[in-house]
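Presented below is the structure to which this report refers.
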Amino acid sequence: MSYYTYDEFKKLISYEEDLRWKCVFEILYYCGLRKGELKGLTWKDIYFDKKVLSVNKQITQRNNRVKFEFSDTKARDSRRIVPITKVLLNDLKMLYEQDKKDYYGFNDNFFVVSDSKPIADSNIYLRRTKLATLAGLKVIRIHDFRHSCTSLLINNGANVTLVAKYLGHTKIEETLNTYSHMFSTALDSVVSVIDSLEDN
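Going by this note's numbering, the first residue of the sequence shown is number 77, and it counts up by one from there.
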């Protein structure tokens with residue numbers, strides 16, 4: 077399983093000068109959204125006052141054609157409220173004001189990471205590869221940004237119940253089965269803390 081550490085992600089994003097693309101990768105990394113969920117985000121899903129975003133739909137791209145379909149998220153538990161970090165919140169506010177000025181007929185049904193039409197998968201892939209190359213980092217899959225988010229949460233003390241809710245997993249078992257190695261490493265750190273107390 078490939079993922080970016082926090083330092084690697086900060087290095088990656090430092091090479092991004094376009095505000096919208098910056099938001100694309102910050103949402104993937106900090107919020108752990110699936111690609112289809114990212115593409116389905118509209119401005120009415122962003123609650124600036126509450127500092128959260130609502131994941132309630134996704135967009136699927138069929139047969140590599142630019143034909144998009146709205147669909148419900150993967151499961152009922154995939155519909156969720158995700159907190160927004162200060163950095164991302166600030167960038168989203170700037171992007172929202174920018175879009176209001178730039179797009180004729182702009183409204184809150186416009187897509188956050190595009191305009192009135194969804195972004196194409198190929199555009200995301202190309203930008204990711206360009207950034208990783210500039211930063212001298214390995215190229216990871218778009219879904220691996222979700223794994224990166226999970227690693228960030230676990231390594232900073234989030235328990236399995238919170239991680240499962242954050243990711244929109246139906247069952248905690250899904251989270252444990254997918255990320256058991258990460259939790260194992262985190263537990264080792266806990267034991268080390270206890271050992272250090274015993275030694276004193």
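Think of the CB as a built atom: it goes at the ideal place given N, C-alpha and C, for glycine as much as any other residue.
Here the structure is a predicted model, which is why all the values come from computation and not from measurement.
Problem set entry | Cross-strand partners of T118 (DSSP beta bridge) | F187
For this session: Pull up the DSSP beta-bridge partners for I195, would you.
Result: Note: I195 sits in no beta bridge, so no partner.
Problem set entry | Contact set for F85: own chain, Cβ-Cβ below 7 angstroms, skip 5 residues either direction | Y105, S224
Exercise. Assuming S78 and D175 make a contact with CB atoms under 8 angstroms, what is their CB distance in whole Å?
Worked result: 32 angstroms between Cβ atoms; not a contact.
Exercise. When we look at the beta-carbon of V215 and count the other beta-carbons within 10 Å, is it buried (16 or more) or exposed?
Worked result: exposed
For this session: Might you give, ordered along the chain, the residues of its own chain that have their beta carbon closer than 7 angstroms to the beta carbon of G112, omitting 5 neighbours on each side?
Result: Q134, I135, T136
For this session: Would you mind reading off the limits of the alpha helix (DSSP H) that contains V239?
Result: 236-243
Exercise. Could you check where the alpha helix (DSSP H) with T136 kicks off and where it finishes?
Worked result: Where T136 is concerned, there is no enclosing alpha helix (DSSP H), although the beta strand (DSSP E) it sits in stretches over 134-137.
Exercise. How many angstroms separate the CA atom of R217 from the CA atom of L164?
Worked result: 21 angstroms
Exercise. Under a three-way DSSP split, which group does I216 fall into?
Worked result: coil
For this session: Determine, using beta-carbon pairs with one atom in the segment 176-195 and one in the segment 114-129, whether at least three such pairs fall under 8 angstroms.
Result: yes
Problem set entry | Buried versus exposed call for G108 [16 or more other C-beta atoms within 10 Å across all chains shown] | buried
Problem set entry | Beta-carbon contacts of T205 that lie in its chain and below 7 angstroms, excluding the five residues immediately before and after | V215
For this session: Could you check how far apart the C-beta atoms of N185 and R155 are, in whole angstroms? I think they sit under 8 angstroms.
Result: Rounded, the Cβ-Cβ distance is 18 angstroms, inconsistent with contact.
Exercise. Taking C-alpha atoms, which residue in E93, P159, R138, G212 lies nearest to I122?
Worked result: P159
Exercise. Where does Y284 land, buried or exposed, given buried means 16+ other C-beta within 10 angstroms?
Worked result: One cannot answer for residue 284 here, as it falls past the ends of the chain, which runs 77 to 276.
For this session: Output the boundary residues of the alpha helix (DSSP H) element that contains R96.
Result: 95-107
Problem set entry | Rounded C-alpha distance that separates L202 from S90 | 17 angstroms
For this session: Measure the C-alpha to C-alpha separation of F187 and Y242 and round it to an integer number of angstroms.
Result: 22 angstroms
For this session: Can you tell me which of the three DSSP states Y201 falls into?
Result: helix
For this session: Look up S90 in the DSSP assignment and say whether it is helix, strand or coil.
Result: coil
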